[in-house]
Each structure stands twice: as structure tokens, then as C-alpha cells.
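> The structure is given below, and queries will be raised subsequently.
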Ligand code: GLN
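In this note's numbering, the protein residues as written are -1 to 521.
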């Protein structure tokens, strides 16, 4: 599927209608879902209604914004009024929120067409989307592998063109790591840049919502729409939103503008050699573009992981106390109130969520609080100071997004610690509340995507977008698509005549794609 700007042009030139574009996305979802499982719920009727409203505006000669008529996928931990919101958990089975998150409201107001809610690790706890109580999502680049997590559904949906863009949440890397595993751009904004009103809380001092897209501009357009102060979120920042989209100049040169620091410690952390090599090449490329590159040291980073796995579960144990069988979703039987609470939670929460509630409750309990929680908060301050020192010298920090490429489904499920290790490079960013972006910078020998992480100063998302834009313009990694997804229904994506056919004979078109899919997926 084309980029937002290309689709926008087609819409205003009346080459295609928003309804046609929506039908195309829905048909693609229909075709790919049996293999990918990116979505927990597809909102076809609502999407077509939203598309119709955009078409009516165009027909009436009204001006439309860039996001109008663009298919978007939403992570299923963002509340959407009248549409089930499960957080990938049994405990929220059947929960239909009576209100919408600020982000989904803003996107709807911008005319974006929500095609569905995407799969995630239960309550966003995990790095592979395997902790979802409903289904595992496959990585479009290799269906036997995970798409990363916890926003794995959103990343897989975008990488396979089931949606043009998506929204995810990032508490310790959940936008950036799946973006890296799926070969797309993922941006975690500064803490407070985007309102979290209506985002189901995991760890409130870390959670942030952000975009995933196949181009820098697509991600910037979504960020533009969702950023900004919201009186409904006490942590949202009263800071002006810059023109992220307008500043993406066609021939941007890094030279003389931005200094880049390479975090030396991250290269000693058990990186897969191919990841290390590829990321180094990407940094050299930024140097060739004129960036002044220097090595910086952030010695406290190594303690980020243990600190996070105390702080995040502590906050989660408090946030998840509300799921008791009374207020939301699932209720299991019990002889009295206490046993009903107990059986609801035993049935409703999965193993990882229970593990974190136990760790968090333990860390916060009297007698252990100082040794664990307080200590972890002190480490958090040290990490923030490391960043402050580094940012006194440079404008942007770079490191790999993840130490490996996508791994096989089931490979790490028995060993939570090995899953936690994937977050080494993303977690410090959340602990310090900074913005960071993952961008595709190469493929490993198996053809799996590798991501480069750019970390910015507070509220300097513009720096990240500028550098990513310069890199994108001078490389072609972002143009690489998973082999199987570029062959399914691609003919439809190319021309309005075929889209119209798809609209009229949607099912026939889906069947036409099937043989290609079958042949392609036998690896
Ligand atoms: N993988 C990390 C965790 O399991 C990060 C999750 C997130 O960012 N939501 O907590």
C-alpha cells in the first residue's frame, strides 16, 4: 500500500475514493489474517462509515487533512468507545469502553479510518506478542518468527500493509523493538508529549503512545495528529507542537547541524555480530551524510534492565489491582467476595502478568521497599544523569534497537529473563522519559530486518525525524518489504481499476490471492 502522501494525492485528485482504499485494506486483512493474526478485532463497518464521511467531504469540495481516509490500526490497549478493548487479556474479555482515548479521538477527528484493534502481549507486558491471551502474531518477514512486542500486532499490520500506519504504546521498548523486528519506523515520543488518557495503564511513569509507519513521513504525520497537551492527562506537557511534517525537507543534510553520539556500552552487550556490523555501517552512513559522530559513555545503562524490572512491575501491581471481577470484563464464581476476586484473577491473568504482580507487590512491601523500589528509583536518576551528560556534548544518541533480529516463536517463552534481555537498549530511554525512534538499517543473513535506534533530548522528536529522514532518503532499507506480503494483492494496490474490481468482487479477489499465498508461505 502506498504512503500517506501518495494516498492523499489520489484522494484529492479523485483517482480513488476513501471507500476504495478502505476496501483494499480490509481485503488485505481478510487475506493475511489467517497467517498473521495481527488483529484482535477488525472494525470493517465502522471503517467504511468513516471512509464514507471522508468521501462526502471530498465530494462537497471541502479540504481534507493528510490523515483523512487513511487506514490505521490501533493497539488494543487504547480505549475505543463501543468497540471491545481487551489488552490481550482474558480479564478484559467482553469489556466495551464507554469512552475513547484522546489519541483515537484525535485520529478520528483527523479523518483516519480505524480498520481494527491489534494484538499485543497481555497488558503490554512482553517482547514477542506471545503473551497475548488470544493468539500469537507472526512476523511477516518469516511466519515462524515473532514480530516483537508488545506492539507486535501493530508492527506486523504495517509491515504487511494491512494498514498504512498504526499506533502502539511503549513502556520499555514496545514500539521500537517490534518496529525493528518488522523493518519499519517506530517512534516513542517524550513522556508527556502524547496524551495517555484512555490508554490502559501498565506502568504509569513509563507508558507513552506513538506511531509506527513504513516511512518517516508517515510516522511524523501520525505524531503530528496525536501530540499535544490534554487537560484529561495530568502528565501531558503544555508544550507547543512543532510542525514535524513541514520540516521534513526533501534534501536534508545532517552536516553542520547535528552531533551524534554512539553509546559505547551498548556494543558490549551480547549483540549478534550481524546486528553490530550493520548498525556500525549505518552510523558510518550518517557520518558520510555529514554528521559529526563521537563516542559517548553511559555507564549506568547496564543497570537499566534490573531497575526497570522492579519499577514497571511495581507500578503494574498497583494499576492492575482494579481488575477484580467487579468493575470490568470477566467474573469467575466464588463462595464469597474474596474468593471471587481470587478466582477471577487466577483465571483472567496470564502467567507473565501474575509474575509481574507478584514481583511488584513484593518490591513495594514494607521491609523490601527501600532495598528494591527505592534503589531502583535511584538507579533511574543515575541513568537520567548519564543522558544529561551525554546530551551536553551531542544532540542525538545512537545504538542498536535490539541485540538480535526476530527470533522463532516459542524460543524464549520458557525463559522470561532471556525475553527481558531484549529490552537492554530501549529501557533506559523510558526510564529517562526521552523520545526515541527505531528505523530499518539492514537485513541479516536470513533476510530479517535490523533496527537502528536514535535517542533525542526531551521534546526533540524533530531531531530524530530529521536524521531518520536524511537516512531514509539516501538508503533503501525502508523500501524492502516482506516477500510474502508484496505478492499478495499487490496488483490491486497498483491501480484504481483493479481496486474497483476488488470493491465489487471482494471475495473473488481474496480467493485469487490465495494460491500465491499458499506457495509463498511454505518455508
Ligand atoms: N518488553 C518490555 C516489558 O515486557 C517492554 C514492554 C512495553 O514497552 N510495553 O515490559
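Just so you know, even glycine gets a beta-carbon here, dropped at the ideal spot from N, CA and C. Computed from a predicted model, the values in this text were never measured in an experiment.
#1: Which same chain residues, not among the five before or five after residue 188, have their C-beta less than 6 Å away from its C-beta?
#2: Comparing the CB of residue 125 with every heavy atom of the ligand GLN, is any distance shorter than 8 Å?
#3: Residue 193 and residue 273: beta carbons closer than 9 Å?
#4: Once you ignore the five residues that flank residue 115 on each side, which residues in its own chain have a CB closer than 6 Å to its CB?
#5: Only counting the same chain, and skipping five residues up and downstream in sequence, which positions put a Cβ closer than 6 Å to that of residue 148?
#6: Pull up the distance between the alpha-carbon of residue 427 and that of residue 302, whole angstroms please.
#7: Taking one C-beta from the segment 173 to 180 and one from the segment 138 to 158 each time, how about it: are there three or more such pairs within less than 8 Å?
#8: Hey, out of 367, 344, 297 and 438, whose CA is closest to residue 382's CA?
#9: Would you kindly check if the distance between the Cβ of residue 357 and the Cβ of residue 416 is under 9 Å?
#10: Going by C-alpha to C-alpha distance, which of 322, 224, 321 and 333 sits closest to residue 104?
#11: Run through DSSP, which three-state label would residue 474 get?
#12: For residue 577, I'd like the list of residues in its chain whose CB is within less than 6 Å of its CB, leaving aside the five on either flank, ordered along the chain.
#13: Please state the DSSP three-state secondary structure of residue 398.
#14: Would you identify the three-state DSSP class for residue 28, choosing helix, strand or coil?
#15: Assign residue 465 to one of three DSSP states: helix, strand, or coil.
#16: Look at the Cβ atom of residue 170, then the Cβ atom of residue 306, and state whether they are nearer than 9 Å.
#17: Do three or more CB pairs link the segment 132 to 146 to the segment 401 to 411 at distances below 8 Å?
#18: Would you mind stating whether residue 330 and residue 319 have Cβ atoms separated by less than 9 Å?
#19: Rounded to whole angstroms, what is the Cα-Cα separation between residue 421 and residue 299?
#20: Quick one: what does DSSP say residue 176 is sitting in, helix, strand or coil?
#21: Within 8 Å, do at least three Cβ pairs link the segment 253 to 269 to the segment 279 to 291?
#22: Kindly confirm or deny that the segment 464 to 480 and the segment 260 to 269 touch, where touching means at least three C-beta pairs closer than 8 Å.
#23: Within 10 angstroms of the Cβ of residue 361, are there 16 or more other Cβ atoms? Answer buried if so, exposed if not.
#24: Please state if the CB of residue 167 and the CB of residue 207 are separated by a distance shorter than 9 Å.
#25: Is DSSP giving residue 168 helix, strand or coil here?
#26: Rounded to the nearest angstrom, how far is the Cβ of residue 181 from that of residue 279, given a contact under 8 Å?
#27: Based on the DSSP secondary-structure assignment, which residues constitute the bridge partners of residue 3?
#28: Can you check which of these residues, 243, 347 and 304, is closest to residue 84 by C-alpha distance?
#29: Are residue 66 and residue 23 close, meaning C-beta to C-beta below 9 Å?
#30: Distance check for residue 68 and residue 497, CA to CA, integer angstroms please.
#31: For the ligand GLN, is there a heavy atom less than 8 Å away from the beta-carbon of residue 384?
#32: Could you tell me the boundaries of the beta strand (DSSP E) in which residue 71 lies?
#33: Since residue 317 contacts residue 202 with CB under 8 Å, what's their CB separation in whole angstroms?
#34: Please go through the same chain and pick out, in chain order, the residues whose beta-carbon is closer than 7 Å to the beta-carbon of residue 63, but skip the five residues on each side of it.
#35: Measure the alpha-carbon distance for residue 464 versus residue 322 and round it to whole angstroms.
#36: If residue 243 sits next to residue 215, beta carbons under 8 Å apart, how far is it from one beta carbon to the other, in whole angstroms?
Judging by the given coordinates:
#1: Correct list, in chain order: 433, 456 and 457.
#2: Yes; taking the cut-off as 8 Å, the Cβ of residue 125 has a heavy atom of the ligand GLN nearer than that.
#3: No. Outside cutoff.
#4: If we look at residue 115 and ignore the five residues flanking it on each side, its Cβ neighbours are 38, 39, 72 and 74.
#5: Excluding residues within five positions, the ones whose Cβ falls inside 6 Å are 118, 119, 122, 124 and 172.
#6: About 9 Å.
#7: Output reads yes: the segment 138 to 158 touches the segment 173 to 180.
#8: Selection 367, 344, 297 and 438 evaluated against residue 382 yields 297 as nearest (Cα-Cα).
#9: Taking 9 Å as the Cβ cut-off, residue 416 and residue 357 do not qualify as a contacting pair.
#10: Closest option to residue 104, Cα to Cα, is 224.
#11: Three-state DSSP puts residue 474 in coil, outside helix and strand.
#12: The structure shown does not extend to residue 577, since the chain spans only -1 to 521, so no value can be given for it.
#13: If DSSP states are grouped into helix, strand and coil, residue 398 belongs with the strands.
#14: Secondary structure of residue 28 (DSSP, three-state): helix.
#15: Three-state result, residue 465: helix.
#16: Yes; because the gap between Cβ atoms is below 9 Å, this pair is in contact.
#17: The segment 132 to 146 vs the segment 401 to 411: in contact.
#18: No. Outside cutoff.
#19: Cα to Cα, residue 421 sits roughly 11 Å from residue 299.
#20: The answer is helix: DSSP assigns residue 176 an H, G or I state.
#21: Contact holds between the segment 279 to 291 and the segment 253 to 269, because three or more Cβ pairs, one in each stretch, are under 8 Å apart.
#22: No: fewer than three Cβ pairs fall under 8 Å.
#23: Buried is the call here.
#24: With contacts defined as CB atoms closer than 9 Å, residue 207 and residue 167 qualify as a contacting pair.
#25: Residue 168 falls in the strand class under three-state DSSP.
#26: Going by Cβ atoms, the distance from residue 181 to residue 279 rounds to 16 Å, so no, they are not a contact pair.
#27: Per DSSP, none; premise fails for residue 3.
#28: Measuring from the Cα of residue 84, the nearest candidate turns out to be 347.
#29: No, the pair does not count as a contact, with Cβ atoms beyond the cut-off.
#30: Bear in mind that the predicted position of residue 497 carries a pLDDT of just 37, short of 50, making it unreliable; the figure below should be weighed with that in mind. Approximately 15 Å between the Cα atoms of the pair.
#31: When distances are taken from the beta-carbon of residue 384 to the heavy atoms of the ligand GLN, even the shortest one reaches 8 Å or more.
#32: That run of the beta strand (DSSP E) goes 69 to 73.
#33: 7 Å between Cβ atoms; contact.
#34: Shown here for residue 63: same chain residues with a beta carbon closer than 7 Å to its own, the five before and five after excluded, namely 108 and 109 in chain order.
#35: The alpha-carbon atoms of residue 464 and residue 322 are separated by roughly 46 Å.
#36: Sure, about 7 Å apart at Cβ, within 8 Å.
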